[in-house]
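Undergrad: The structure that follows is given in the form of structure tokens.
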Ligand SMILES: Cc1ncc(COP(=O)(O)O)c(C=O)c1O
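In our numbering, the protein residues as written are 172 to 525.
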């Protein structure tokens, strides 16, 4: 019997255009960070609507360099949400700072502003503000607290808040181009900003060689091979976003009434549906098993909330969403047939549980 190939949870959107852009760089023989990286930085900054950009080898290193560039010192406090991937906790620890974990809003999965206000201290050096799963966070309310904001747009390139792209609000803003992300360079990241001074600091920290004076620096460079892929992907970003939003609308209309769903239209912001999350009753791990046995790979949107890693309590919304949320496949290359399979399997499960 032919083995059924499971529908993956994520898949990069790649085509022959990406292949020829990369091949061209390889043929040129200039494969490390050079003119193509500079071109990718220029185009990304223009797309986001900021003065400049510095490409890095991962989203994590983009965040790490951002904390260094704003002068984070040992013992400083950095606010981050609890319901997020552990990269954010790692970068806080890399610089010897202390995390202030904040609960999330169970409807939007973004930082809960009221909880942030309660937990934040005067001496907080920065807030790392992710736009979780593609939905812009409450940028205005959070910026008005007077603490520098580092936007984390790893999951939200192209999302819009009050008419402007995310990434154009923060003192610094970071992106990831990992293989599962909206546009991909395999691994990759970027910091963007309107501050030339901060961008220059990040450029200096990104590479260690040929410096007049010694201080701790890194090897966080992107290669021209990756940047060629980034330019090629960036050209297709708008069509990727349209496809994601259309699939989200289809999921929404077909799954309405079966389970708790995210809102799909907002007055003041555009969700780009990096992830489509559904809330179910019953055990998440059993549901994931049910879908996997039927050829549909679903996942928890966050493997484990950060407060659980740190063995601390007091994050009821993060706990609640972790216990009932499933991320279902959503990406531009999903075929109509695959979407039908996903919907059928989901409905089978949800009807059984109703
Ligand atoms: C919100 C968020 N920030 C940062 C990162 C880290 O990016 P990278 O995997 O490119 O290091 C991720 C990665 O999944 C992420 O989801």
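The beta carbon of each residue, even a glycine, is placed where N, CA and C say it ideally should be.
(1) Given this structure, state the Cα-to-Cα distance separating residue 484 from residue 478, to the nearest angstrom.
(2) Whose CA, out of 229, 219 and 503, lies closest to the CA of residue 328?
(3) Apart from the five residues on each side of it in sequence, which residues of its chain come closer than 7 Å, Cβ to Cβ, to residue 283?
(4) Which term fits residue 216, buried or exposed, when burial requires 16 or more other beta carbons within 10 angstroms of its beta carbon?
(5) With three or more C-beta pairs closer than 8 Å as the rule, is the region 190-207 touching the region 296-316?
(6) Going by CA-CA distance only, name the one from 184, 510, 506 and 319 that's closest to residue 405.
(7) So, under 8 Å CB-CB, residue 234 and residue 258 are touching, yes? Tell me the CB distance rounded to an integer number of Å.
(8) Per DSSP, which one or two residues make a beta bridge with residue 322?
(9) Under the three-state reduction of DSSP, which class applies to residue 450: helix, strand or coil?
(10) If we call anything under 9 Å between Cβ atoms a contact, is residue 388 one with residue 369?
(11) Can you tell me which of 296, 316, 522 and 394 puts its alpha carbon nearest to the alpha carbon of residue 206?
(12) Using only alpha-carbon positions, find the residue among 432, 346, 445 and 398 that is nearest to residue 412.
(13) Give the single residue among 256, 353 and 260 whose Cα lies nearest to the Cα of residue 248.
(14) So, is residue 352 buried or exposed, given that buried needs 16 or more other C-beta atoms within 10 angstroms?
(15) Can you tell which of 398, 438 and 266 has its C-alpha closest to the C-alpha of residue 202?
(16) For residue 426, count the other beta carbons within 10 Å of its own beta carbon; 16 or more makes it buried, fewer makes it exposed. Which is it?
(17) Which one of 297, 371, 350 and 253 has the shortest CA to CA distance from residue 238?
(18) How big is the Cα-Cα spacing for residue 396 and residue 348?
(19) Need the endpoints of the beta strand (DSSP E) that residue 218 sits in, please.
(20) In the DSSP assignment, what residue or residues form a beta bridge with residue 495?
(21) Beta-carbon separation of residue 325 and residue 443 under 9 Å?
(22) Taking residue 284 as part of the alpha helix (DSSP H), name the residues at either end of that continuous run.
(23) Report buried or exposed for residue 464, applying the criterion of at least 16 other Cβ atoms within 10 angstroms of its Cβ.
(24) Can you grab the Cα-Cα spacing for the pair residue 316 / residue 286, in whole Å?
TA: Taking the definition as stated:
(1) For the purposes of this step, residue 484 is taken as the residue at position 313 of the chain shown. For the purposes of this step, residue 478 is taken as the residue at position 307 of the chain shown. Straight-line Cα distance between these residues: approximately 7 Å.
(2) Position 157 of the chain shown, counted from the first residue, corresponds to residue 328. Measuring from the Cα of residue 328, the nearest candidate turns out to be 219.
(3) The sequence position of residue 283 within the chain shown is 112, counting from 1. For residue 283, where only same-chain residues beyond five positions count, the Cβ hits under 7 Å are 273, 274, 275, 276 and 488.
(4) Indexing the chain shown from 1 puts residue 216 at position 45. That one is buried.
(5) no
(6) One-based indexing of the chain shown puts residue 405 at position 234. It is 184 whose Cα lies nearest to the Cα of residue 405.
(7) The sequence position of residue 234 within the chain shown is 63, counting from 1. The sequence position of residue 258 within the chain shown is 87, counting from 1. With a Cβ gap of about 7 Å, residue 234 and residue 258 count as contacting.
(8) Numbered from its first residue, the chain shown carries residue 322 at position 151. DSSP output for residue 322 lists 300 and 344 as bridge partner(s).
(9) Within the chain shown, numbered from 1, the residue matching residue 450 stands at position 279. Strand at residue 450.
(10) Residue mapping note: residue 388 aligns to position 217 of the chain shown, counting from 1. Residue mapping note: residue 369 aligns to position 198 of the chain shown, counting from 1. Cβ atoms of residue 388 and residue 369: not closer than 9 Å.
(11) For the purposes of this step, residue 206 is taken as residue 35 along the chain shown, with counting starting at 1. Out of 296, 316, 522 and 394, 394 has the C-alpha closest to the C-alpha of residue 206.
(12) Against the chain shown, residue 412 aligns to sequence position 241. It is 445.
(13) Taking the first residue of the chain shown as position 1, residue 248 is located at position 77. Among 256, 353 and 260, the Cα nearest to that of residue 248 is on 260.
(14) For the purposes of this step, residue 352 is identified with residue 181 of the chain shown, where counting begins at 1. Label assigned to residue 352: buried.
(15) As a working note, residue 202 is residue 31 in the chain shown. It is 398 whose Cα lies nearest to the Cα of residue 202.
(16) Residue 426 sits at position 255 when you count from the first residue of the chain shown. Residue 426 should be labelled buried.
(17) What you label residue 238 is simply residue 67 of the chain shown in a count that begins at 1. Checking every option, the nearest Cα to that of residue 238 belongs to 297.
(18) Locating residue 396 in the chain shown gives position 225, counting from the first residue. Locating residue 348 in the chain shown gives position 177, counting from the first residue. Those two C-alpha atoms are separated by around 13 Å.
(19) To locate residue 218, count along the chain shown from 1; it is residue 47. Run containing residue 218: none in the beta strand (DSSP E); it sits in the alpha helix (DSSP H), 206-219.
(20) By one-based count along the chain shown, residue 495 stands at place 324. Beta-bridge pairing links residue 495 to no other residue.
(21) Residue mapping note: residue 325 aligns to position 154 of the chain shown, counting from 1. Residue mapping note: residue 443 aligns to position 272 of the chain shown, counting from 1. No; because the gap between Cβ atoms is not below 9 Å, this pair is not in contact.
(22) Walking along the chain shown from the start, residue 284 turns up at place 113. Looking at the DSSP string, the run of the alpha helix (DSSP H) that includes residue 284 is 284-290.
(23) Residue 464 sits at position 293 when you count from the first residue of the chain shown. When all chains shown are included, residue 464 counts as exposed.
(24) Here residue 316 corresponds to residue number 145 of the chain shown, with the count starting at 1. Here residue 286 corresponds to residue number 115 of the chain shown, with the count starting at 1. Spanning the two alpha carbons is a distance of roughly 13 Å.
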